[in-house]
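Participant:
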Amino acid sequence: MSTSKPLMSLKTMLTSTLVLTMGTVSAEWYFEAGPWHRGDMRISVDGGSRAAETGARAAQPGVRGGTATVNLPGPGDDGTAQILREFDDGFVGPSGLPLYFDLGQTQFFGFQRDDQHDGDAGTLTFSRSQSGQAQARRTRTTLDAQGGSWRDAGDLDGTGLQGTLGYVLDRNNGRELSARFQLGWLGGLDQNLRNQSAFRQEVRQTTRESSAESAESTRFVFDTFGNPAFPMAPYEMTSPDGIGPLISDTPIAIQPGTASETFSDRVVGRSQSVAASQVHLKTEADLFVFGLGPRIRWNVSEEVSLFVEGGGTLNLLDAKLRRDERFVTDSGRVVGQWSDRADEQKWLWGASLSLGAQWQLNEQLHLSASGGYDWVETTKVTVGPDRVTYDLSGYQVEVALGWRFGGDRP
Numbered sequence: 495m496s497t498s499k500p501l502m503s504l505k506t507m508l509t510s511t512l513v514l515t516m517g518t519v520s521a522e523w524y525f526e527a528g529p530w531h532r533g534d535m536r537i538s539v540d541g542g543s544r545a546a547e548t549g550a551r552a553a554q555p556g557v558r559g560g561t562a563t564v565n566l567p568g569p570g571d572d573g574t575a576q577i578l579r580e581f582d583d584g585f586v587g588p589s590g591l592p593l594y595f596d597l598g599q600t601q602f603f604g605f606q607r608d609d610q611h612d613g614d615a616g617t618l619t620f621s622r623s624q625s626g627q628a629q630a631r632r633t634r635t636t637l638d639a640q641g642g643s644w645r646d647a648g649d650l651d652g653t654g655l656q657g658t659l660g661y662v663l664d665r666n667n668g669r670e671l672s673a674r675f676q677l678g679w680l681g682g683l684d685q686n687l688r689n690q691s692a693f694r695q696e697v698r699q700t701t702r703e704s705s706a707e708s709a710e711s712t713r714f715v716f717d718t719f720g721n722p723a724f725p726m727a728p729y730e731m732t733s734p735d736g737i738g739p740l741i742s743d744t745p746i747a748i749q750p751g752t753a754s755e756t757f758s759d760r761v762v763g764r765s766q767s768v769a770a771s772q773v774h775l776k777t778e779a780d781l782f783v784f785g786l787g788p789r790i791r792w793n794v795s796e797e798v799s800l801f802v803e804g805g806g807t808l809n810l811l812d813a814k815l816r817r818d819e820r821f822v823t824d825s826g827r828v829v830g831q832w833s834d835r836a837d838e839q840k841w842l843w844g845a846s847l848s849l850g851a852q853w854q855l856n857e858q859l860h861l862s863a864s865g866g867y868d869w870v871e872t873t874k875v876t877v878g879p880d881r882v883t884y885d886l887s888g889y890q891v892e893v894a895l896g897w898r899f900g901g902d903r904p
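Mapping of the sequence shown onto our numbering: position 164 corresponds to residue 658, and the numbering continues sequentially without gaps.
#1: If you draw a straight line from the C-alpha of ARG820 to the C-alpha of GLU696, how long is it?
#2: Determine the direct distance from the alpha carbon of LEU886 to that of GLY517, and round the result to whole angstroms.
#3: Express the C-alpha separation of VAL822 and GLN772 in angstroms, rounding to a whole number.
#4: With THR777 and ASP684 assumed to form a contact (beta carbons below 8 Å), what rounded beta-carbon distance in angstroms separates them?
#5: Would you grab the beta carbon distance between PHE782 and LEU810 for me? Rounded to a whole angstrom, and I think it's under 8 Å.
#6: Does the distance from the C-beta atom of SER621 to that of GLY751 stay below 8 Å?
#7: Output the distance between the C-alpha atoms of GLY738 and THR718, rounded to the nearest integer angstrom.
#8: Where does LYS505 land, buried or exposed, given buried means 16+ other C-beta within 10 angstroms?
#9: By Cβ distance, which residues of its chain are closer than 6 Å to VAL761, with the 5 residues on each side in sequence left out?
#10: Give the range of the beta strand (DSSP E) segment to which LEU618 is assigned.
#11: Tell me the DSSP secondary structure of GLU857 in three-state form.
#12: Does VAL560 pass the burial test, meaning 16 or more other C-beta atoms within 10 Å, or should it be called exposed?
#13: Under a Cβ-count criterion, where at least 16 other Cβ atoms within 10 Å of its own Cβ denotes burial, should ASP572 be classed as buried or exposed?
#14: Would you tell me roughly how many angstroms separate the C-alpha atoms of THR515 and LEU663, rounded to the nearest one?
#15: Would a C-beta distance cut-off of 8 Å place GLU522 and PRO879 closer than the cut-off?
#16: In angstroms, rounded to a whole number, what distance separates the CA positions of PHE605 and ASP583?
#17: LEU655 and PRO529 - do their beta-carbons sit closer together than 8 Å?
#18: The alpha helix (DSSP H) spanning GLU547 covers which residue range?
#19: Roughly how many whole angstroms lie between the Cα atoms of ARG827 and ALA550?
#20: My guess is that LEU842 and VAL539 are in contact by the Cβ rule of under 8 Å, so how many angstroms apart are they, rounded?
#21: Is it buried or exposed, ALA779, if we count other Cβ atoms within 10 angstroms and call 16 or more buried?
#22: Hey, out of THR635, ALA747, GLY844, whose CA is closest to GLY787's CA?
#23: Assuming GLU906 and ALA894 form a contact by the criterion Cβ under 8 Å, report the distance between their Cβ atoms to the nearest whole angstrom.
#24: Hey, would you say ALA647 sits closer than 8 Å to ARG536, going by beta carbons?
#25: Among PRO592, VAL875, SER643, TRP832, which has the Cα closest to the Cα of PHE693?
#26: Jot down the residue ranges of each uninterrupted beta strand (DSSP E) in the stretch 790 to 839, minimum 3 residues, whole runs only, in chain order.
#27: Have a look at the DSSP bridge pairing and note the partners of VAL762.
#28: Cutting at 6 Å between CB atoms, please list the residues of its own chain near GLN624, excluding the five before and the five after it.
#29: Compare the C-beta of ASP614 against all C-beta atoms of chain D and say whether one is closer than 8 Å.
#30: Between the C-alpha atoms of GLU730 and ALA562, what's the straight-line distance to the nearest angstrom?
#31: Name, in chain order, the residues that DSSP records as bridge partners for GLY678.
#32: What does a CB cutoff of less than 6 Å around GLY865 pick up in its chain, not counting 5 residues either side in sequence?
#33: Taking the beta carbon of VAL519 as the centre, do at least 16 other beta carbons fall within 10 Å, making it buried, or is it exposed?
#34: Given this structure, state the Cα-to-Cα distance separating SER708 from GLY542, to the nearest angstrom.
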């Protein structure tokens, strides 16, 4: 008996089994695409101030100006020179006659009052006075700084497109199990926070005006050599070469006389102004979502089915932030301004769970709608002195048009 016939029979049986298996078990896929929306996301800002950080000042604190002071120069005469001296009540000059000049005596003098002459002491006293006055202003500036930080928060809603590619793993008794990969994009995650008060300075200025006056006199005493025939006042020798009574041509004593001072100080002006730091923070962001997980679908009727789906997600946040701060007084003067930029991408883990319904339009096309919740880990982005926190978890709804392909659909 030949062995070729049994081998041929086995080969034919295996081939038939393989063909039957390939004909009854084949891959089935579906692809869905459509709009989706995620809401109830949040953005919060823990902000600072460049103005406070850099020590910006709306005015220079301290005192500008001074207090009125009068400094009189003093007599400026030590009494040794043989010169013409003029006083408030007379004069004494050197003699034009060589003999008297060499002796330190002079007949060239004049005086106005009798009480200037002291016959018992043998002296003739003159007075020279001087005075001065001054005015000055000083302004004291104080700064009272407040704040240096700000906080705000807002809601974020994103709308975009998503696509899902699914592979049917099992179908039994009206139940279908599939694995799905989803790719989605959400845009419009923007926020515009304007006129945020981050820092404030109150500037107070007090202006005072002071006035000072000072007067003093100096007494110059001359020797009359005990002349018993000294002339009565008023007396004046008009010529240095004339003949008359003699006195010393330099003072024998220089003595301080009377002195007086007056001072006043008063407030002539007060002012108060405010400088405030205003922050404008603009954020723009897009979110790209990559999801992988199962879907279980139950047939309710030939056209309608319900499904539940979920799984893990990997989220890419693409955020662009612009921060502008202006430190401006209430009169409109710009004390300082700063600009900061940030452009960051963050990978974030997450998860999703949704419930939905599907309507079979024909053998291949179907329409689905679902809603659920997406969890995403929070992340922070820093721009200048501000820390911006993104909480991208929120409810989501989506509508999709689907198409099944491959395999044998019952």
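Ideal Cβ positions, reconstructed from N, Cα and C, are used throughout, including at glycine. Predicted model only: the values in this text are computed from it and were never measured.
Facilitator: Straight from the coordinates:
#1: Going by the C-alpha atoms only, they are around 16 Å apart.
#2: Note that GLY517 has pLDDT 35, beneath the 50 cutoff, so the model's placement of it is unreliable and the number below is only indicative. So the alpha carbons of these two residues sit roughly 46 Å apart.
#3: Distance between the alpha carbons of GLN772 and VAL822: 8 Å.
#4: Contact flag correct, Cβ pair sits at about 6 Å.
#5: With 8 Å as the limit, PHE782 and LEU810 qualify as a contact, their Cβ atoms being about 4 Å apart.
#6: For the 8 Å CB-CB criterion, SER621 and GLY751 form a contact.
#7: The alpha-carbon atoms of GLY738 and THR718 are separated by roughly 12 Å.
#8: A caution first: LYS505 carries a pLDDT of 34, below 50, which makes its placement in the model too unreliable to give a value.
#9: Residues ARG702 of the same chain have their beta carbon placed closer than 6 Å to that of VAL761, with the five preceding and five following residues left out of the count.
#10: Residue range 617 to 641 is occupied by the beta strand (DSSP E) that includes LEU618.
#11: When DSSP states are grouped into helix, strand and coil, GLU857 belongs to the coil group.
#12: The question names Val, but residue 560 is Gly in the sequence shown. So GLY560 ends up on the exposed side.
#13: ASP572 counts as exposed, since fewer than 16 other C-beta atoms from the protein chains shown sit within 10 angstroms of its C-beta.
#14: Bear in mind that a pLDDT of 31 at THR515, under 50, signals an unreliable position, so the model cannot answer this.
#15: No, they are not a contact pair.
#16: Whole-angstrom Cα-Cα distance: 6 Å.
#17: Yes, they are a contact pair.
#18: In this chain, the alpha helix (DSSP H) harbouring GLU547 covers 544 to 548.
#19: Between the C-alpha atoms of ARG827 and ALA550 there is a straight-line separation of about 13 Å.
#20: Contact between LEU842 and VAL539 is ruled out by a C-beta separation of about 19 Å, above the 8 Å threshold.
#21: Answer is buried; the Cβ neighbour count reaches 16.
#22: Nearest of THR635, ALA747, GLY844 to GLY787, Cα basis: GLY844.
#23: Within the shown structure, residues of the chain are numbered from 495 to 904, placing residue 906 beyond reach of any answer.
#24: Taking the C-beta atoms as reference points, ARG536 is found nearer than 8 Å to ALA647.
#25: Ranking the options by Cα distance to PHE693, first place goes to SER643.
#26: The beta strand (DSSP E) runs lying completely inside the stretch 790 to 839 and spanning 3 residues or more are 798 to 823, given in chain order.
#27: Bridge partners of VAL762: none, in fact.
#28: In its chain, beyond the 5 residues on either side, LEU566 have a beta carbon closer than 6 Å to the beta carbon of GLN624.
#29: This model lacks chain D altogether, as it is built from one protein chain only.
#30: Here the C-alpha atom of GLU730 lies approximately 41 Å from the C-alpha atom of ALA562.
#31: The secondary-structure analysis by DSSP pairs GLY678 across a beta bridge with GLN656, VAL783.
#32: Within its own chain, the residues whose Cβ lies closer than 6 Å to the Cβ of GLY865, once the five positions on either side in sequence are excluded, are VAL891, listed in chain order.
#33: Any reading at VAL519 must be qualified, since the residue scores a pLDDT of 37, below 50, and its modelled position is unreliable; the value itself is stated next. Note on VAL519: under 16 other CB atoms within 10 angstroms of its CB, so exposed under the neighbour-count rule.
#34: Those two C-alpha atoms are separated by around 55 Å.
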